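First comes the structure, then the notes that go with it.
Protein chains: 2
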Amino acid sequence: MIERITSLSNPRILHARKLYDLKYRRQESAFIAEGLKSVGQAFDSKAEIRTLIFNPDQLSSDFGQSLVDRASQAGIQVIEVPAYILESLARKDKPQGILAVGSQRWSVFDSEAATGQGIWVALESVQNPGNLGTIIRTCDAAGAKGLILLDESTDPYDPAAIKASMGSIFAVPHFKTGVDGLRHWLGLSKPVVIGTSDKAQTDYSQYEYPGHLLFLMGSERQGLSGRYLDICEQTLAIPMQGSADSLNLAVATALVVYQAYNQLRSKTV
Amino acid sequence: MIERITSLSNPRILHARKLYDLKYRRQESAFIAEGLKSVGQAFDSKAEIRTLIFNPDQLSSDFGQSLVDRASQAGIQVIEVPAYILESLARKDKPQGILAVGSQRWSVFDSEAATGQGIWVALESVQNPGNLGTIIRTCDAAGAKGLILLDESTDPYDPAAIKASMGSIFAVPHFKTGVDGLRHWLGLSKPVVIGTSDKAQTDYSQYEYPGHLLFLMGSERQGLSGRYLDICEQTLAIPMQGSADSLNLAVATALVVYQAYNQLRSKTV
Chain A
1 MIERITSLSN
11 PRILHARKLY
21 DLKYRRQESA
31 FIAEGLKSVG
41 QAFDSKAEIR
51 TLIFNPDQLS
61 SDFGQSLVDR
71 ASQAGIQVIE
81 VPAYILESLA
91 RKDKPQGILA
101 VGSQRWSVFD
111 SEAATGQGIW
121 VALESVQNPG
131 NLGTIIRTCD
141 AAGAKGLILL
151 DESTDPYDPA
161 AIKASMGSIF
171 AVPHFKTGVD
181 GLRHWLGLSK
191 PVVIGTSDKA
201 QTDYSQYEYP
211 GHLLFLMGSE
221 RQGLSGRYLD
231 ICEQTLAIPM
241 QGSADSLNLA
251 VATALVVYQA
261 YNQLRSKTV
Chain B
270 MIERITSLSN
280 PRILHARKLY
290 DLKYRRQESA
300 FIAEGLKSVG
310 QAFDSKAEIR
320 TLIFNPDQLS
330 SDFGQSLVDR
340 ASQAGIQVIE
350 VPAYILESLA
360 RKDKPQGILA
370 VGSQRWSVFD
380 SEAATGQGIW
390 VALESVQNPG
400 NLGTIIRTCD
410 AAGAKGLILL
420 DESTDPYDPA
430 AIKASMGSIF
440 AVPHFKTGVD
450 GLRHWLGLSK
460 PVVIGTSDKA
470 QTDYSQYEYP
480 GHLLFLMGSE
490 RQGLSGRYLD
500 ICEQTLAIPM
510 QGSADSLNLA
520 VATALVVYQA
530 YNQLRSKTV
């Protein structure tokens, strides 16, 4: 059954709006996702969706309608709203008429899923939600096993991160921890730990990547700190020339992840 | 000589503020760049700087002070402002106390610099200034010869693009044109034209890149349109798995640019 809400101050609308606030989002362990791609991905990845909010006039595509039908059939709360309510919630310039409110899903630290063999990525104190979302999207595309958010990393359920991930946040296992937790996890999972540093001697494009590895990436401003560099068994450099002295974090992460992924693919073919 | 301005409505401050507006920026053929890295890069790349605006309390580093000295010695107009004026102009959360207003510098289409041999990148209707800036930063790092902005591409002098480029916009030659202009340029420069497409048969990591090439990249939403695909002599695919059906444009561009750069480096060593 579809409920119609026309008041901007309806408690369910207020709840959805407050999910743009980090503190409230954490307290509720919830997310708000926007647009066809992210909402569709949330369904496909079996995210726990609590509420679907849509405006029929903005939701023109068959795919959009199919998401509403899917939610109704699954017994999910579906709310139809006028354009002014949807626009009051949406952050995009051109909202696609659909939003989903759902539950955050963090991996259990020492579960089987969180110790699987393959490519892992850990980010130290990543600051920019757009960078984080882009990295999650890359991890998904390269079949990475999961993402570890270290220390004061930004929230992967920030609406800007969800948007930049194109919904891949719902598909890529992720958990957060600190340096002690990371050491514990390394003891369980036993990947080769690889850092990137402009001072490293080995060129990332010349390195032979092991089948089970963790890329440890530093923050946008500071790079990898000493206590994480100490954990690395190998450091790799991405060569640069010109006037640039660093690459965007999402770009640097993509270069090393894809380099490993390309090698692994060529070995398994 | 350093001029002190304390009024938010001083004409020079109003002029600087209006440069955040695309129309005014184009009309004046000017830019406003923010922060130590971008302003420093503008100096190092010999950008034509018209005015330097700084707040001495926020400008704590020696490097920042050296930029003020450099501007003064070069006879550039230097304006000292209180924090509230600098903050009214800056877009960053933590402004670094320095801004530069300068002249846009577009490459002359058929000059020697615009036809040099090496890696070139062309973007069809890139929409996001952050993506554009990140791509410029990558081009700089990989020693690309230049960037061609096709059709309705966003402005590389958008403050968000300058910021994402970390000032590399001042170092990487760039010009804009359409499909006819591109064909004309191809006739002069004669690179191998390479497009990316998820339907391509050749894996980008298995391809042997020529020494003089143009990567033609589609827009974030639409990919490469037919009229540009028709120009490509080669199309390459970036393999993906998982639920992701595309990569961020700046990531995809970095992967192919660096793949070519890595091959060229290994040949010249």
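Taken in order, these protein sequences are the chains called A and B. Anchor point for the first sequence: position 239 equals 239 in this note's numbering, and the numbering is continuous, going up by one each time. To convert, take the position in the second sequence, counting from 1, and add 269; that gives this note's numbering. Think of the CB as a built atom: it goes at the ideal place given N, C-alpha and C, for glycine as much as any other residue. On a predicted model such as this, the values are computed, not experimentally measured, just so you know.
If we cut at 7 Å on Cβ distances, does Met240/A have a partner in chain B?
Yes, its Cβ sits closer than 7 Å to a Cβ of chain B.
Residues bridged to Gly146/A by DSSP?
In the DSSP assignment, Gly146/A forms a beta bridge with Trp120/A.
Tell me the DSSP secondary structure of Val308/B in three-state form.
The answer is helix: DSSP assigns Val308/B an H, G or I state.
Report yes or no: do three or more beta-carbon pairs, one from the segment 425 to 438 of chain B and one from the segment 399 to 417 of chain B, lie closer than 8 Å?
At 8 Å Cβ cutoff, the stretches touch.
Measuring only between beta-carbons, confirm whether Gly412/B sits less than 7 Å from chain A.
Yes, because at least one Cβ of chain A sits closer than 7 Å to the Cβ of Gly412/B.
Label Ile354/B either buried or exposed according to how many other C-beta atoms from any shown protein chain fall within 10 Å of its C-beta, with 16 as the threshold for buried.
Ile354/B should be labelled buried.
Indicate whether Leu214/A and Trp120/A have their beta-carbon atoms separated by less than 7 Å.
Taking C-beta atoms as the reference points, Leu214/A and Trp120/A count as a pair closer than 7 Å.
Could you check which residue in Ser474/B, Tyr478/B, Ala519/B has the C-alpha nearest to that of Gly492/B?
It is Ala519/B whose Cα lies nearest to the Cα of Gly492/B.
For Arg265/A, which residues in chain B fall below 7 Å Cβ to Cβ?
Going along chain B in sequence order, the residues near Arg265/A (Cβ under 7 Å) are Pro508.
Nearest chain B C-beta to Asp198/A closer than 7 Å, yes or no?
So, not an interface residue.
Which one of Thr235/A, Val172/A, Gly187/A has the shortest CA to CA distance from Ala141/A?
Per the Cα distances, Val172/A.
Apply the 10 Å Cβ neighbour rule to Ile2/A and answer buried if 16 or more other Cβ atoms are within range, or exposed otherwise.
Of the residues assessed, Ile2/A falls on the exposed side of the cut-off, its CB having fewer than 16 other CB atoms within 10 angstroms.
Quick one: using the 10 Å Cβ neighbour count with 16 as the cut-off for buried, is Gln475/B buried or exposed?
When all chains shown are included, Gln475/B counts as exposed.
Run down chain A in chain order and give the residues with a C-beta less than 7 Å from the C-beta of Gly399/B.
Ordered by position in chain A, the residues that pass the 7 Å Cβ test against Gly399/B are Gly130.
Give the range of the alpha helix (DSSP H) segment to which Gly195/A is assigned.
Under the DSSP assignment, Gly195/A falls outside any alpha helix (DSSP H), being part of the beta strand (DSSP E) whose first and last residues are 192 to 196.
Count the C-beta pairs between the segment 192 to 207 of chain A and the segment 241 to 259 of chain A that are closer than 8 Å, then say yes if the count reaches three, no if not.
Short answer: they touch.
What are the boundary residues of the beta strand (DSSP E) that Gln346/B is part of?
Counting along the chain, the beta strand (DSSP E) containing Gln346/B begins and ends at 346 to 349.
Give the range of the alpha helix (DSSP H) segment to which His481/B is assigned.
Note, His481/B: premise wrong, no alpha helix (DSSP H); not H, not E.
Collapsed DSSP secondary structure at Gly187/A in the structure displayed:
Assignment of Gly187/A by DSSP, reduced to helix, strand and coil, places it in the helix class.
Alpha carbon to alpha carbon, how far is Leu22/A from Ser66/A? Give it in angstroms, no decimals.
When rounded, the separation of the alpha-carbon atoms in Ser66/A and Leu22/A is 30 Å.
Which residues in chain A sit within 8 Å of Gln310/B, going by Cβ to Cβ distance?
By Cβ distance, chain A contributes Ser243.
If we define contact as Cβ-Cβ less than 7 Å, is Arg286/B a contact residue for chain A?
Taking 7 Å as the threshold, the shortest C-beta distance from Arg286/B to chain A does not fall below it.
Please list, in chain order, the chain B residues whose beta carbon lies closer than 7 Å to that of Val251/A.
Within 7 Å Cβ-Cβ: Thr403, Thr407, Ala519, Val520, Ala523.
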